[in-house]
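**Student:**
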Amino acid sequence: MTINKEAWDVITEHLAGLFPTVEFQLGSYIIKVKRSFPTESTSTLAVYIDDFIKGEWIHNTENRPTCIESVWKKKTRAYYTPKQVKRLEKDFGKRDAKKYFPNLHNKYEYLHPYFSTSNVLVNQFKKIEGLKLLSIDCESYEEYVSHHA
């Protein structure tokens with residue numbers, strides 16, 4: 001099913017719950033979103049591609065699914081923390097710090113399969129062309145809405 005505004009509202013509300021499962025299709029890939037609990041007191045929304053999250057997909061661009069850049073969260077991180085930059089610039093001087101550490105002020109990007117809130121995930125997923133909703137908690141959208149109305 002193509003996803004309209006009403007369906008996105010239902011998906012957002014459902015993903016904010018305790019044990020949500022929403023299944024999408026993007027091309028030949030099945031995308032599942034489930035709540036995971038990385039620690040005892042925190043929860044995140046995990047995005048599975050064909051029932052897998054593989055660590056090698058984060059850095060290895062050759063063997064990962066083509067849809068990963070659309071469905072995983074893009075994160076950026078500095079090579080050096082502000083504290084480290086300050087210390088290096090103090091020890092070496094600004095000019096030599098840049099000379100010896102060429103990546104001193106640079107950042108790198110990586111993809112992460114976890115989202116902090118349902119709104120962040122839904123805002124990213126809304127931009128994906130060709131995304132289809134398959135099920136919410138193992139029910140079609142119509143069945144889910146009729147049972148939870």
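Be aware that the sequence shown starts at 1, since it is given in the UniProt record's numbering, and climbs by one per residue. All residues carry an ideal CB built from backbone N, CA and C; glycine is no exception.
1. Jot down the residue ranges of each uninterrupted alpha helix (DSSP H) in the stretch 65–148, minimum 4 residues, whole runs only, in chain order.
2. Which whole-angstrom value describes the C-beta separation of Cys67 and Gly27, a residue pair presumed to lie in contact below a C-beta threshold of 8 Å?
3. Taking contact to mean 3 or more Cβ pairs, one atom from each stretch, closer than 8 Å, check whether the stretch 74–94 and the stretch 126–141 are in contact.
4. Using the beta-carbon count (16 or more within 10 Å), is Pro102 buried or exposed?
5. Which same chain residues, not among the five before or five after Gly130, have their C-beta less than 8 Å away from its C-beta?
6. Taking just the CA atoms, how far does Glu62 sit from Glu106?
7. Once the 5 residues before and after Pro113 are set aside, which same chain residues still bring their CB inside 7 Å of it?
8. From Glu89 to His59, what distance separates their C-alpha atoms?
9. Could you check the C-alpha separation between Thr81 and Gly55 for me, to the nearest Å?
**Tutor:** Reading from the atomic positions:
1. The qualifying runs are 68–71, 82–92, 94–100, 118–126, 141–147.
2. Indeed, because the Cβ distance is near 6 Å, the residues count as touching under 8 Å.
3. Result no; under three Cβ-Cβ pairs closer than 8 Å.
4. Per the 10 Å Cβ criterion, exposed.
5. In its chain, beyond the 5 residues on either side, Leu26, Gly27 have a beta carbon closer than 8 Å to the beta carbon of Gly130.
6. In the sequence under discussion, the amino acid at residue 106 is Asn, which differs from the Glu named in the question. Between Asn106 and Glu62, the C-alpha separation is close to 24 Å.
7. Once the five neighbours on either side are set aside, the close Cβ partners of Pro113 are Ala46, Val47, Ile53, Trp72.
8. Distance between the alpha carbons of Glu89 and His59 is about 30 Å.
9. Each residue's alpha carbon lies about 24 Å from the other.
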